[in-house]
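Take a look at the structure set out below.
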Amino acid sequence: MKRRDLLKLGASIATVPAAGLSQQHEHSTATANQIASGGISAGDWKPELFDDHENQTLIALADLIIPATDTPRAKAALVNRHMDHILAAAGEDEKTRFREGLWWIDGHAMRKYGKPFTGCTTAEQTAILQTLDEGKDPDTAPGHQFFPWLKGMTAQVYYSTEIGFQELNKGERVPTTFACPHPEHP
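Sequential numbering from 14 applies to the sequence shown in the numbering used here.
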């Protein structure tokens with residue numbers, strides 16, 4: 014895509030909310046802002062796309078991809094909520110492919126350990142993800158194809174949250190304000 018086309022697309026997207034073409038956008042923006050601020054408590058929040066089991070599977074997967082170390086884990090950054098919100102607004106093909114990926118991982122856990130992914134021990138869950146990451150077993154090809162998407166989206170969402178930004182900004186590489194220090198330039 015050429016730069017000019019990208020700018021046109023950006024401008025057209027920016028005008029949609031201003032034109033009032035979609036009340037869904039207002040709901041989505043409000044929901045995104047509430048998620049970002051943590052304004053929806055765990056008891057009040059309901060996934061827009063995922064069912065409870067899919068949501069719990071996503072939380073477990075995201076926490077294995079970005080575990081708690083000296084930084085908060087993916088669950089603390091509400092990665093599952095952001096991913097649910099993003100995918101709820103996605104096209105049907107993308108929604109279906111992502112959910113099928115979650116279902117495939119769950120089915121693989123059932124075949125291998127006799128229980129759903131969320132019922133597996135951390136060691137069993139980690140072994141599943143290592144198998145998918147390596148992609149050596151042809152029987153795990155569907156999971157291996159899904160796993161990079163899951164990892165990439167988890168990282169993108171995590172580092173787009175305030176928690177992730179703070180992690181990226183360790184050492185204060187990015188200024189907290191962009192104001193000019195001169196009093197004559199407010």
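C-beta atoms are modelled at their ideal positions from N, C-alpha and C, and glycine is treated no differently. Since the structure is predicted, the reported quantities are computational estimates derived from the model, not experimental observations.
Within the region 149-184, complete alpha helix (DSSP H) segments of at least 4 residues are found at 154-171, 175-181, given in chain order. D76 counts as buried, since at least 16 other C-beta atoms from the protein chains shown sit within 10 angstroms of its C-beta. Annotation: H98 to P60 spans about 8 Å, alpha carbon to alpha carbon. Its chain contains L115 as the residues whose beta carbon lies nearer than 6 Å to that of E67, once the 5 sequence neighbours on both sides are disregarded; these appear in chain order.
By the neighbour-count criterion, in which a residue is buried when 16 or more other Cβ atoms sit within 10 angstroms of its Cβ, Q138 is buried.
Rounded to whole angstroms, C133 and I118 show a C-alpha spacing of 12 Å.
Cβ-Cβ distances below 7 Å link W58 to R94 in the same chain, with the five nearest sequence neighbours on each side left out; the list follows chain order.
Relative to the Cα of L145, the nearest Cα in the group C193, L163, T135, L91 belongs to L163. When only Cα atoms are considered, D152 and K128 end up about 18 Å apart.
Per DSSP, the unbroken alpha helix (DSSP H) holding W117 starts and ends at 105-126. For L91, no alpha helix (DSSP H) run applies, since DSSP gives it neither H nor E.
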